Amino acid sequence: MKRLPKWRLMSLFTILALVLSGCGEPYLSALKPAGEVADMQYYLMKLSTLIMVGVILVVLIIFVLVFIRFRRKDDKIPKQVEGSHTLEIIWTAIPILLLLILAVPTVATTFKLADVSKMDSKNALVVNVRSHLYWWDFEYPKQGIVTSQELVVPTNEKVYFNLKSMDIKHAFWIPAVGGKMDTNTDNINKFWLEFDDKRANEAGNLFYGKCAELCGPSHALMDFKVKAINRDKFDSWVTAMKNVKTPEKPDSALAQQGQEIFNKSCIGCHAVTPANKMPDTARLAPNLTDFGDRSRVAGILPHTKEDLKNWIKNPEAYKPANQMTGKYGQLTDDQINAVAEYLMSLKVQQ
1 MKRLPKWRLM SLFTILALVL SGCGEPYLSA LKPAGEVADM QYYLMKLSTL
51 IMVGVILVVL IIFVLVFIRF RRKDDKIPKQ VEGSHTLEII WTAIPILLLL
101 ILAVPTVATT FKLADVSKMD SKNALVVNVR SHLYWWDFEY PKQGIVTSQE
151 LVVPTNEKVY FNLKSMDIKH AFWIPAVGGK MDTNTDNINK FWLEFDDKRA
201 NEAGNLFYGK CAELCGPSHA LMDFKVKAIN RDKFDSWVTA MKNVKTPEKP
251 DSALAQQGQE IFNKSCIGCH AVTPANKMPD TARLAPNLTD FGDRSRVAGI
301 LPHTKEDLKN WIKNPEAYKP ANQMTGKYGQ LTDDQINAVA EYLMSLKVQQ
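Mapping of the sequence shown onto UniProt numbering: residues 1 to 350, in sequence order.
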């Protein structure tokens, strides 16, 4: 009777585990693949799960049969049988066969995903990904542009990535499309992804990326967004970004005031032009060229002026240990309102 409460507690935890395993968002699920890499990884997950479940069922069936058929019925000691070459061969051969069934496609897929030989070709789209505490930087070296927090890619073609960290180890992961891979400080990791056009349209052309390596207090908040659009729209976006040479003067007086404050307090860390001429060490904060077109503030908050003002006023409350905290002088509410108005006006016309 003393053990009964413990069993009840264990049952409760088991039920909670089953319920919580079904929680989450569909755009963060690797079980709804939206690209070639994700399809291959999903196939391997299904194959390994099928093998494991099959082994469990066979063992369970054998256990039940033996339990029923050979249960003790009297005090007689049954005949002792030691050794069976046939059985030993069977239970040695079956695991080897199962390992081969799993290993062959796994190794083949691993080599295919690691093939970045066409990365240096003229038409290959390459993105240099830099991870920071706690934000992402995306450089398109062939196009000569840089953006932050929102990755824009074309659908139905391979996109190659160079991954590097600017501070500590992080990991680049887009659950619905494929991954993950570490970003290190001392070497560059390379891989590729392909975004399916049909499934991108079903997802509203927006996917979500995460940091998949524990990196500090705001690890869970180190998100980025991925806009997957067709090649024509992508080319239009690139052209529009290239045409942004210097920040234009805003239309409203409040936004103009915000631009002046921004140039005095924020321009030392943030860039408002997409040019990639600055060295890696100068990328202290996210590029804000197309901030007005984005879908999130700081990668996590709704893209509204009020949320932007709250972020500027107290970034530590939303992303603990972020690098923006304490980097600028205290602004008044009126100044923050003006800066927010200016930032919301930074849109790239397409």
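Even for Gly, the Cβ is constructed at its ideal location relative to N, Cα and C.
Note that this is a predicted model, so its numbers are computed, not measured.
Check the Cα spacing between residue 249 and each of 80, 85, 346 and 46: the tightest is with 346. In the DSSP assignment, residue 193 falls within the beta strand (DSSP E) that extends over 189 to 194.
Rounded to the nearest angstrom, the gap between the Cα atoms of residue 137 and residue 10 is 45 Å. In the three-state scheme derived from DSSP, where H, G and I count as helix and E and B as strand, residue 307 is classed as helix. Taken in chain order, the unbroken stretches of alpha helix (DSSP H) that lie wholly in the UniProt domain "Cytochrome c" (253 to 347) and span 4 residues or more are 253 to 265, 305 to 313 and 333 to 344. Ranking 143, 283, 304 and 93 by CA distance to the CA of residue 130 puts 283 first. For residue 68, the enclosing alpha helix (DSSP H) begins and ends at 36 to 69.
Counting C-beta atoms within 10 angstroms of its own C-beta, residue 58 has fewer than 16 neighbours from the protein chains shown and is therefore classed as exposed.
For residue 171, the secondary structure class from DSSP, reduced to helix, strand or coil, is strand. Nearest C-alpha to residue 292 among 319, 261, 275 and 255: 255. With contact defined as three or more Cβ pairs closer than 8 Å, the stretch 254 to 274 and the stretch 338 to 345 are in contact.
For residue 151, there is no enclosing alpha helix (DSSP H); the residue is part of the beta strand (DSSP E) that begins and ends at 150 to 154.
The C-beta of residue 36 has 16 or more other C-beta atoms within 10 Å across all chains shown, which makes the residue buried.
When rounded, the separation of the alpha-carbon atoms in residue 163 and residue 213 is 14 Å.
DSSP places residue 90 in the helix class (H, G or I) of the three-state scheme. Here residue 116 carries a coil assignment [DSSP, helix/strand/coil].
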